[in-house]
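*Asks:* Dropping a structure here in structure tokens format, bear with me for questions.
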Amino acid sequence: MIEVQQITKRYGQHTALDRINFSVAKGEVLAFLGPNGAGKTTTMRILTCFMPATEGTARVAGFDCADQPIEVKRRIGYLPETPPVYQELTVAEYLTFVGRLRGLSRKTLTASMQREIERLGLGTVQHRLIGNLSRGYRQRVGLAQALLHDPPVLILDEPTVGLDPKQIIEIRELIKNLAGSHSVILSTHILPEATAVCQRVVIISGGRIVAEDTPEQLSARLRQSEKISLTLKSPAADTDSRLKAVQGIQNVFTSSTPGTFLLECELGRDVREEVARVAVTSEWGLLELKTVSMTLEDVFLQLTRHDEGLAQDAVVASVEPTGQPA
Amino acid sequence: MTPVRAIIAKELRSYFVSPVVYVVGAVFLLIVGLLAYLYIVFAGAQAIQLMQMQGTAQINLNDLVFRNLFSSIRFILLIILPILTMRLFAEERKLRTFEFLLTSPIGINEIVAGKFLSVFLVFLGLLGLTGLMPLVLALFSDFDWYPVLTGYLGLILLGALFLSVGVLASALTENQIIAAFVSFGLLLVLWLLAGVGSLLEDTAIGQTVSYVSFMEHYEHLVRGLIDTKDLVYFLSGLALMLFFSHRVVDSTRWK
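Just so you know, the protein sequences line up as chains P and S, in that order.
Using my numbering, you'd call the opening residue of the first sequence number 8 and step up by one each time.
Using my numbering, you'd call the opening residue of the second sequence number 17 and step up by one each time.
If you want it as structure tokens, here you go:
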């Protein structure tokens, strides 16, 4: 449905996107992940034909963004970062305007409006001025706008920003339901969102794609070792070296919280039993012993931070959310 | 419903929801009404003077009232029309709806046309209300309708040109105040070119400069002369300004 080949975007000297390649199949939901300024919005703007790419081609539903922008635009529902609403119009007036711009017939428009107003829970506010609505409602009006003409491709720039937790869950459900019949690209920097909604994740950093895979595969691929977190009540001075001596443990990191250790072990080897035995026999006061699976968050940080040491710190920090990195 | 009509409907709605049109309209009509009243009173005073001197009074309302009035309205339009046009594109850019508009399946020419036509309709409405004045005057006096109508044609063409300059200025910036000021400045320069032209007198440059200014073209219409040259001037100026607006809107995508 969407094909991006060797897209490069330069603003003067600054290269915002550097030979980006990816594609989205029909019915697939793709998450675009990256720190601020990574190029997520720029990519979306190129796909929606708002701005042309410096080099490369982007195709949506078989139409080239540079050659047939109108055909592309017809097939895309786009929610920009800021919901594109007119404050002086009511929700119903706004959606009518949007429908007419997209050339919907009067009958289709009435039906589509009803569908979206119901789907996004806008029934109670449909005759209120958008300027008087809260951020969450405006965001939903923005989404209604993107969905109004039932486009095969949806491009959503941070769709859940400004919504309360209940609404976030509702919108995620909505996007999940759209999968299958619609191709969706959504950008986010909320990582659980990507895991919850998307089949595939593209991580972009500094204008380059640094990883592209399913959320599970990504964490598996980057996990070069098993990690175990160990909390002791009264560690001894030689705990470090005693742990290191255990078969299969490659490395022992101490966390800033006293008594917490991060053990790095060989892949596919469970050393928990042995560690427990050592801890008990040495009377260190074993409090907690658990494997640490690498979350998407860790993957993300590891990929977008170039300094190896920093990434390691991040993993330690994620074990100990309250503690300072060692 | 074509996209252009959708844009016109939306813009008109925006104009009449905000107080801008009401304030601008009220001020415009007040000033025009006041000026008309003053010119008529002066004409009346002259008539009385003539009566006393000659016994009969033959005054020309076309010269004493309408020509003066049309000259004055020109200046009022120069000041108020930039206020009407300033929001057209600047506001869209400020509120980030510009991106939405440009990612809708419509051409930029349709956007520019819709925006221009909406403000043009507002202007026609305001101008139409001033039409009450000659109608009332016609009840109590005699005057030649022909130059009044050509004068209105001149105002419509002049207004369209002013508005298209305003559309261009609005497309250039996301700040409405700057948009209003730029269009005011451009129009003032167009006005003063007439003075520059007359300084250079009958040289080729002088004639060209005079031609670029709207002054003599408008003057012809106010005097009741419909010359193709003047119509071409207004319509080509309008087309040029809208074309520039198109280019400016298009170029913002490349930045």
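Just so you know, even glycine gets a beta-carbon here, dropped at the ideal spot from N, CA and C.
T101/S versus chain P: which residues are under 7 angstroms apart at the beta carbon?
*Replies:* Going along chain P, no residue has its Cβ under 7 angstroms from T101/S, so there is no contact; the nearest lies around 17 angstroms.
*Asks:* Compare the beta carbon distance of N76/S and F197/S with 9 angstroms and say whether it is the shorter of the two.
*Replies:* no
*Asks:* Using a Cβ cut-off of 8 angstroms, pull out every chain S residue sitting near P59/P, in sequence order please.
*Replies:* R269, W270
*Asks:* Taking buried to mean at least 16 other C-beta atoms within 10 Å of its own C-beta, is F132/S buried or exposed?
*Replies:* Per the 10 Å Cβ criterion, buried.
*Asks:* When burial is assigned at 16 or more other CB atoms within 10 Å of the CB, is G71/S buried or exposed?
*Replies:* exposed
*Asks:* Identify whether L239/P lies in helix, strand or coil by the three-state DSSP scheme.
*Replies:* strand
*Asks:* Could you check where the beta strand (DSSP E) with G106/P kicks off and where it finishes?
*Replies:* Annotation: G106/P is outside any beta strand (DSSP E); the continuous alpha helix (DSSP H) that includes it extends over 98-108.
*Asks:* Within the 9 angstroms Cβ cut-off, does L111/S reach chain P?
*Replies:* yes
*Asks:* So is G123/S in contact with chain P if we call contact Cβ pairs under 9 angstroms?
*Replies:* yes
*Asks:* Tell me which residues share the same chain as C72/P and place their Cβ nearer than 6 angstroms to its Cβ, disregarding the 5 neighbours each side in the sequence.
*Replies:* Only C56, A65, V79 meet the Cβ criterion.
*Asks:* Would DSSP call L111/P helix, strand or coil?
*Replies:* coil
*Asks:* What is the DSSP secondary structure of S134/S, reduced to helix, strand or coil?
*Replies:* S134/S: helix per DSSP, three-state reduction.
*Asks:* Please go through the same chain and pick out, in chain order, the residues whose beta-carbon is closer than 8 angstroms to the beta-carbon of I211/P, but skip the five residues on each side of it.
*Replies:* The answer, listed in chain order, is I27, F39, L40, G41, A45, G46, K47, T50, V217.
*Asks:* Can you list, in chain order, the residues of its chain whose CB lies under 6 angstroms from that of R276/P, leaving out five sequence neighbours each side?
*Replies:* G255
*Asks:* Against chain S, which members of the stretch 232-260 of chain P pass a CB distance test of less than 8 angstroms?
*Replies:* none
*Asks:* State the DSSP-derived secondary structure class of S141/P, mapped to helix, strand or coil.
*Replies:* Look at S141/P here: in three-state DSSP terms it is coil, with no helix or strand label.
*Asks:* Please specify which runs of the alpha helix (DSSP H), each continuous and at least 4 residues long, are wholly inside the stretch 9-92 of chain P, giving them in chain order.
*Replies:* 47-54, 76-81
*Asks:* Please return the same chain residues whose Cβ sits closer than 6 angstroms to the Cβ of A321/P, not counting the five positions on each side in sequence.
*Replies:* Residue placement at A321/P is poorly supported in this model, since its pLDDT is 43, which falls under 50; the coordinates still yield a value, given next. Answer for A321/P: L308, listed in chain order.
*Asks:* So, helix, strand or coil for T117/P, using DSSP?
*Replies:* Correct three-state label for T117/P: helix.
*Asks:* Measure from the C-beta of S30/P to each C-beta in chain S and report whether the shortest distance is under 9 angstroms.
*Replies:* no
*Asks:* If you draw a straight line from the alpha carbon of V225/S to that of D218/S, how long is it in whole angstroms?
*Replies:* 11 angstroms
*Asks:* Rounded to a whole number of angstroms, what is the C-alpha to C-alpha distance between V253/P and T288/P?
*Replies:* When rounded, the separation of the alpha-carbon atoms in V253/P and T288/P is 13 angstroms.
*Asks:* Any beta-carbon of chain P closer than 9 angstroms to the one on A22/S?
*Replies:* At a cut-off of 9 angstroms, the C-beta of A22/S has a neighbouring C-beta in chain P.
*Asks:* Indicate whether at least one CB of chain S lies closer than 9 angstroms to the CB of Q146/P.
*Replies:* no
*Asks:* In chain S, which residues lie with their C-beta within 7 angstroms of the C-beta of K80/P?
*Replies:* T119, S120, P121
*Asks:* For L163/P versus L129/P, is the C-beta spacing smaller than 9 angstroms?
*Replies:* no
*Asks:* Buried or exposed, going by whether 16 or more other CB atoms sit within 10 Å of the CB of T329/P?
*Replies:* Interpretation of T329/P is limited by its pLDDT of 38, a score under 50 that renders its predicted location unreliable; no figure is taken from the coordinates.
*Asks:* Near R103/S, which residues of its chain fall below 6 angstroms by C-beta distance, leaving aside the five closest residues on each side in sequence?
*Replies:* Q192
*Asks:* Of all the options A59/S, K26/S, N78/S, L85/S, which has the alpha carbon lying nearest to the alpha carbon of F44/S?
*Replies:* L85/S
*Asks:* Need the endpoints of the alpha helix (DSSP H) that S226/S sits in, please.
*Replies:* 220-228
*Asks:* Cβ-heavy atom distance between A243/P and the ligand NAP below 8 angstroms?
*Replies:* Only the bare structure without any ligand can be found here, which leaves the ligand NAP out of the picture.
*Asks:* Give a yes or no on whether 9 angstroms exceeds the smallest Cβ distance from I17/P to chain S.
*Replies:* Looking at the sequence shown, residue 17/P is not Ile but Arg. So no, R17/P is outside the interface.
*Asks:* List the DSSP bridge partners of V209/P.
*Replies:* F39/P, E219/P
*Asks:* Among S229/S, L256/S, V264/S, which has the Cα closest to the Cα of F189/S?
*Replies:* With the sequence shown as reference, residue 189/S is identified as Thr, and Phe is not the correct amino acid for it. Taking only the C-alpha atoms, the option nearest T189/S is V264/S.
*Asks:* Along chain P, in chain order, which residues have C-beta atoms closer than 8 angstroms to that of P19/S?
*Replies:* R107, L108, G110
*Asks:* Would you say G143/P and L116/P are within 9 angstroms of each other, going by their C-beta atoms?
*Replies:* In this structure, the beta-carbon distance from G143/P to L116/P does not fall below 9 angstroms.
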